[in-house]
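Peer 1: Sending over a structure as structure tokens; questions will come in a sec.
Residue numbers (the UniProt record's numbering): 1 to 333.
Here is the structure:
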């Protein structure tokens, strides 16, 4: 279903298929001629969350995608005049990093992401909800909240007992990706389970999401500037809490993209379709620069043979009109 140009019909249809929206002057770059290198990924099993999840194995996945700098390159020139001088907090942080090896290991990836984000199209945190503003505020309360969330993130993506490194695995194709997620409940259920799920699902949610009858449980994903793609199931109360985008991103104020995803088996298609959207309350990703089309191309290039369907999500009561983006909503100390 495609939105009309009017604001009212835009809010009534919350998800649109990108393929059905006429594009003019698409900003999405073409896929590279060469094949993507093999993809490294890790699956983390958390015993604490497994117990809380009624002893159903709780797992999260980290996938390292290639080509983010190609598909999400920002052509706008950036003002680098302020980067030569260091503020006090940056200077203190770097001194701590030099003195503390463990802290350096934890922060080096974050510093690299910040550097990469300078030349990429990014999404900043949603400044409308009060809690999100408080979470990212430069206050004592904000610092405490972020510290807590980051501690949970480290626990979810921990290296294992006695700091043993997780075994890195590799894949190349969309079928391998589908099989990996099927082991985590991403398989398409049978007709009876699909029918029960449809009957138990809220009608408004079903209308906004426009899921196919044969759909897998929902996942959340977060894509970071260094190509790290976090993905986790979000179909139960505990999973919904543990898969929040702020938690996946370890409270990073900027990400490449975030939303929800699922697998669908449609009546008129033989292949399983990987459906992604921009449903994220934490970051409220935009599509002004064809970001969803860029994400679709990125995933299809990395996972050879994977069919991706990108959909635009509009929250209830919202239309295409943006509020003042210049108001950062931050609470100053």
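In this text, a Cβ means the ideal position worked out from N, Cα and C, and glycines have one as well.
#1: Under 8 Å by Cβ, that's how I've got residue 175 and residue 285 pegged, so tell me the actual separation to the nearest angstrom.
#2: Using a Cβ distance threshold of 8 Å, determine whether the stretch 215-223 contacts the stretch 124-137, with at least three qualifying pairs required.
#3: Can you give me the C-alpha to C-alpha distance between residue 189 and residue 314, rounded to a whole angstrom?
#4: Are the stretch 295-309 and the stretch 256-276 in contact at 8 Å, needing three or more beta carbon pairs?
#5: In angstroms with no decimal places, state the Cα-to-Cα distance between residue 216 and residue 263.
#6: Could you check whether residue 282 and residue 230 sit closer than 9 Å to each other, using their CB atoms as the reference points?
#7: Do residue 153 and residue 75 have their C-beta atoms within less than 9 Å of each other?
#8: Which residues mark the beginning and the end of the alpha helix (DSSP H) in which residue 175 is found?
#9: Look up residue 272 in the DSSP assignment and say whether it is helix, strand or coil.
#10: Kindly give me the distance between the Cβ atoms of residue 60 and residue 156, rounded to whole angstroms, as I take these residues to be in contact under 8 Å.
#11: Residue range of the alpha helix (DSSP H) that residue 135 falls in?
#12: What whole-angstrom Cβ distance do residue 120 and residue 177 have, given they're in contact under 8 Å?
#13: Tell me which same chain residues have a C-beta within less than 8 Å of the C-beta of residue 38, skipping the five on either side of it?
#14: Using only CA atoms, which one of 34, 252, 69, 111 lies nearest to residue 146?
#15: Using three-state DSSP, classify residue 110 as helix, strand or coil.
Peer 2: Let me spell this out:
#1: Residue 175 to residue 285, Cβ: 28 Å. No contact.
#2: no
#3: 27 Å
#4: yes
#5: 5 Å
#6: no
#7: no
#8: 174-181
#9: coil
#10: 6 Å
#11: 130-135
#12: Not a contact, Cβ separation roughly 23 Å.
#13: 170, 171, 172
#14: 252
#15: helix
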